[in-house]
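To start, the structure itself, in structure tokens.
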DNA sequence: TAAACGTGGCT
DNA sequence: TAGCCAAGTTT
């Protein structure tokens with residue numbers, strides 16, 4: 001612990017802080033589906049879904065997921081495609097694949113019981129420092145820090161900490177701090193209260209300090225610097241990528257789709273045939289796509305004129321997709337694609353970018 | 001350590 | 001509008 005922070009802790013009234021924070025939480029906490037359950041598996045699922053994702057977005061996904069996979073055993077026995085389908089549209093799909101794999105690990109090696117200790121938890125795929133602490137404290141009421149973005153924002157303001165919260169070293173410092181101030185009697189409520197305060201009161205852009213139950217001990221409030229904290233380095237601009245995609249269909253009403261590789265972006269999800277375009281094409285986009293589909297999948301097609309373009313922004317890049325369609329005549333030598341009916345298509349997990357492609361095709365078709 | 005990894009809502 | 005952000009983890 002650094003000297004400056006230790007000094008602030010020495011002047012800090014820990015018990016008063018715990019009491020004010022937890023009392024506020026008991027009065028003001030939101031009713032959320034995962035708060036209705038004490039099942040460590042349900043807590044675990046919610047914590048994975050909530051990573052980098054808003055509460056309002058997660059709620060319907062959580063309810064559907066728990067209905068479909070109510071127990072560790074149910075999820076462990078499910079097919080990965082079924083799991084990805086339940087995650088479709090939620091993003092960061094490796095979370096779903098890691099959760100599935102970790103749950104199988106728990107089913108096999110821990111008799112279907114979510115571990116209640118640091119050593120076993122941190123070996124599970126997708127369970128990092130935050131999620132480990134969240135499961136231990138919320139599911140098992142063990143006083144472990146669960147430091148997320150909310151907690152770092154709240155505590156950086158209360159203790160006036162100006163270190164960059166994007167650094168691992170800074171997060172570790174906050175974990176040390178939480179270890180000291182956490183309620184040993186009510187660690188679950190303490191950790192959740194800290195996060196709830198960050199979400200509802202001590203918000204990023206316009207903190208409601210006058211409604212804050214702990215402003216009395218907040219350094220930032222007294223120095224009026226709450227808008228300058230926390231300090232966080234900025235991300236770089238996203239890279240632009242040019243793509244062309246084709247929705248292939250045939251007279252029998254089948255669609256032709258492709259599964260993405262098992263690693264990297266959108267791993268194992270399904271998509272319509274597409275190719276990343278060269279910077280300065282010697283061929284037109286349409287010709288590049290036609291050649292690619294012919295070479296890669298051995299199907300002969302003639303593309304329609306451009307249906308439209310779609311921009312899809314990821315966290316680290318932007319896809320600019322030119323969308324075409326084509327009727328497949330002969331597919332006897334086809335490889336790397338499968339053909340599915342409209343009805344079967346619904347069982348496959350597609351990224352939002354390709355759902356947009358399907359929608360654009362449907363709208364073009366309808367207007368003919 | 002820094003980049004990869006999704007999506008949708010807000011300012 | 002364009003950028004920032006939301007209960008992070010993996011490589």
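In full-length UniProt numbering, the protein residues as written are 1 to 368.
C-beta: ideal position from N, C-alpha, C; glycine also.
**OP:** Measure the CB-CB distance between residue 95 and residue 48 and report whether it falls below 8 Å.
**Re:** yes
**OP:** Give the straight-line distance between the Cα atoms of residue 323 and residue 344, rounded to the nearest whole angstrom.
**Re:** 22 Å
Original post:
Which value, in whole angstroms, describes the spacing of the CA atoms of residue 142 and residue 184?
Top reply: 8 Å
Original post:
For residue 198, is the classification buried or exposed, using 16 other Cβ atoms within 10 angstroms of its Cβ as the cut-off for buried?
Top reply: buried
**OP:** Under 8 Å by Cβ, that's how I've got residue 369 and residue 44 pegged, so tell me the actual separation to the nearest angstrom.
**Re:** One cannot answer for residue 369 here, as it falls past the ends of the chain, which runs 1 to 368.
Original post:
Which residue or residues does DSSP assign as beta-bridge partners of residue 257?
Top reply: 338
Original post:
For residue 287, does the three-state DSSP call read helix, strand or coil?
Top reply: helix
**OP:** Per DSSP, which residues does residue 321 bridge with? Please list them.
**Re:** 243 and 310
Subject >> Assigned exposure category for residue 306 - 16 Cβ within 10 Å defines buried >> reply: exposed
Original post:
Bridge partners of residue 87, per DSSP?
Top reply: In the DSSP output, where bridge partners are listed per residue, residue 87 has none listed.
**OP:** Go ahead and pull the three-state DSSP assignment for residue 275.
**Re:** strand
Original post:
For the segment 265 to 283 against the segment 348 to 367, are there 3 or more C-beta pairs whose distance is under 8 Å?
Top reply: yes
Original post:
For residue 299, which of helix, strand or coil comes out of DSSP?
Top reply: coil
Original post:
In its own chain, which residues sit with a C-beta less than 8 Å from the C-beta of residue 325, not counting the 5 before and 5 after it?
Top reply: 246, 247, 248, 249, 303, 304, 307, 361 and 364
**OP:** Measure the alpha-carbon distance for residue 239 versus residue 356 and round it to whole angstroms.
**Re:** When the Cα atoms are used, residue 239 and residue 356 turn out to be separated by approximately 20 Å.
Subject >> Where the alpha helix (DSSP H) through residue 333 begins and ends >> reply: Taken as a continuous stretch (DSSP letters only), residue 333 belongs to no alpha helix (DSSP H), as it is neither H nor E.
**OP:** Give every residue of the same chain whose Cβ lies closer than 8 Å to the Cβ of residue 160, excluding the five residues on either side of it in the sequence, and list them in chain order.
**Re:** 8, 219, 220, 223, 225 and 229
Original post:
If you draw a straight line from the alpha carbon of residue 216 to that of residue 204, how long is it in whole angstroms?
Top reply: 19 Å
Subject >> Residue interval of the alpha helix (DSSP H) (run including residue 174) >> reply: 168 to 181
Original post:
Would DSSP call residue 163 helix, strand or coil?
Top reply: Three-state result, residue 163: coil.
Original post:
Would residue 237 be called buried (16 or more neighbouring beta carbons within 10 Å of its own) or exposed?
Top reply: exposed
Subject >> Closer than 7 Å: residue 113 CB and nearest the ligand SAM heavy atom >> reply: As far as ligands go, the structure on display features none, and thus does not contain the ligand SAM.
**OP:** Please state if the CB of residue 127 and the CB of residue 72 are separated by a distance shorter than 8 Å.
**Re:** no
Original post:
What is the DSSP secondary structure of residue 155, counted as helix, strand or coil?
Top reply: helix
Original post:
In chain order, what residues of the same chain lie with their CB nearer than 7 Å to the CB of residue 125, ignoring the 5 residues before and after it?
Top reply: 98, 101 and 102
**OP:** Could you spell out the range, first to last residue, of the alpha helix (DSSP H) harbouring residue 61?
**Re:** 55 to 68
**OP:** Just tell me which of 22, 311, 60 and 135 has its CA closest to the CA of residue 241.
**Re:** Measuring from the Cα of residue 241, the nearest candidate turns out to be 311.
Original post:
How close, in whole Å, do the beta carbons of residue 31 and residue 200 come, if the pair is a contact with beta carbons under 8 Å?
Top reply: Between residue 31 and residue 200, the beta carbon gap of about 13 Å keeps them out of contact (Cβ cut-off 8 Å).
**OP:** Confirm, please, whether the CB-CB distance from residue 337 to residue 273 is below 8 Å.
**Re:** Result yes, Cβ atoms of residue 273 and residue 337 sit closer than 8 Å.
**OP:** Using beta-carbon positions only, say whether residue 301 and residue 275 come within less than 8 Å of one another.
**Re:** no
Subject >> Spatial neighbours of residue 76 in its chain, beta-carbon cut-off 6 Å, leaving aside the 5 residues before and after >> reply: For residue 76, where only same-chain residues beyond five positions count, the Cβ hits under 6 Å are 103, 104 and 107.
Original post:
In or out: residue 264 buried (at least 16 other Cβ within 10 Å) or exposed?
Top reply: The residue is exposed, with fewer than 16 neighbouring Cβ atoms inside 10 Å.
Subject >> Pair within 8 Å by beta-carbon distance, residue 166 and residue 232 >> reply: yes
Subject >> Whole-angstrom distance between residue 42 and residue 140, CA atom to CA atom >> reply: 13 Å
Original post:
Just curious, the alpha helix (DSSP H) that residue 107 is in, first and last residue?
Top reply: 94 to 109
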